[in-house]
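Input: a single structure, listed below in structure tokens.
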Amino acid sequence: MQIFGVDIGGSGIKGAPVDLDKGDLAQERHKVLTPHPATPESVADGVREVVEHFEWTGPVGLTFPGVVTGGSTIRTAANVDKSWIDKDARSLFSERLGGLPVTVVNDADAAGVAEVSFGAGRDRSGTVILLTFGTGIGSALFVDGVLVPNTELGHLELHGHDAEKRASSKAKEDGELTWEHWARRVTKYLAHVEMLFSPELFIIGGGVSRKADKFLHLIEGIRADIVPAELQNNAGIVGAAMRAAKGD
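Everything in the sequence shown is counted per my numbering, starting at 781 for the first residue and increasing by one.
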């Protein structure tokens, strides 16, 4: 069975049909740059471009980089235009896609669902936290495989700032930080999250997961296991399709 998944990020909008039996992309993904400003209308146009690239006509699952309540209403918009707040995203995207059935889910929650089902979190009990390091820091919290949605742990305070302002991949790039310097910031952030939730496992996702060999060995003093996401930056696409298949 195939369902289309789209992952909307602060820098790119990427999507592909997903093979739900394998938990992997059925075709090579197509990506367009996230428009700036990332208004609802401009982002919806980008999503339409990605979906139309595959001439897709079935259900579509979409991630959004912020809190999504009721499967549709946007509550936060830290890394996209503030005009998204209180927007009915499901109706917007469905209209722009010619009436196709649409499911909208928080981006990190989608990535977490994919990793717990098909990736680094499968068959793991207890508390599992996936963290996506990208333009910001997304989070997905699971207890015995059950998702606690919209946790937004990237906005925990770290040294007087949102954690994602200091420890995201964008913070590394903007500050031209070495892997060692950035790993120290990530370690402090993980220690703070661990103090609050005592997880058995941290899964590190987002684009930086492809470079886990450059920094994971530099993170010390964390009791939980720390592993890179197995689906890497495709996890959001896969998770979005999984949620769409359920009709969430």
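The C-beta atom is built at its ideal place from N, Cα and C for all residues, glycine as well.
query	result
Per DSSP, cross-strand counterpart(s) of Val810	It is His, not Val, that sits at residue 810 in the sequence shown. DSSP output for His810 lists Gly795 as bridge partner(s).
Residue nearest to Val908 in terms of C-alpha spacing, selected from Gln1012, Ile984 and Gly1016	Ile984
Distance, Ala943 Cα to Glu937 Cα	6 Å
Stretch pair the region 970-989 + the region 799-806: three plus CB contacts closer than 8 Å	no
Nonlocal neighbours in the same chain, by C-beta distance under 7 Å from Asp861, ignoring five residues either side	Pro817, Ala818 and Thr819
Beta-carbon proximity list for Ala1021, same chain, < 6 Å, skipping 5 on both sides	Ile783, Gly785, Val798 and Gly841
Three-state secondary structure assigned by DSSP to His816	coil
Status (buried if at least 16 other CB within 10 Å, exposed otherwise) for Ser755	Any property of residue 755 remains undetermined from this structure, which presents the chain solely from 781 to 1028.
Cα-Cα separation between Gly826 and Phe922, rounded to whole angstroms	31 Å
Val772, DSSP secondary structure in three states	Lying before the first or after the last residue shown, residue 772 is absent from the chain, which here runs from 781 to 1028.
Minimum length 4: unbroken alpha helix (DSSP H) runs contained in the region 888-952	943-947
Cα-Cα separation, Lys991 to His941	26 Å
Contact belief for Ala869 with Val884 at Cβ below 8 Å, rounded distance in angstroms	5 Å
Buried versus exposed call for Ser871 [16 or more other C-beta atoms within 10 Å across all chains shown]	exposed
Span separating the alpha-carbon of Leu813 from that of Gly795	12 Å
Distance CB(Ala920)-CB(Leu933) smaller than 7 Å	no
Per-residue DSSP class, three states only, for Ile1017	helix
Cutoff 7 Å; reference Arg1023; Cβ partners in own chain excluding five residues on either side	Gly841, Thr883, Val885, Ala890 and Val893
Leu877 (DSSP reduced to helix, strand or coil)	coil
Residue of Val896, Gly987, Val831 and Ala1025 minimising C-alpha distance to Ser948	Gly987
First through last residue of the beta strand (DSSP E) which encompasses Leu981	Leu981 to Gly985
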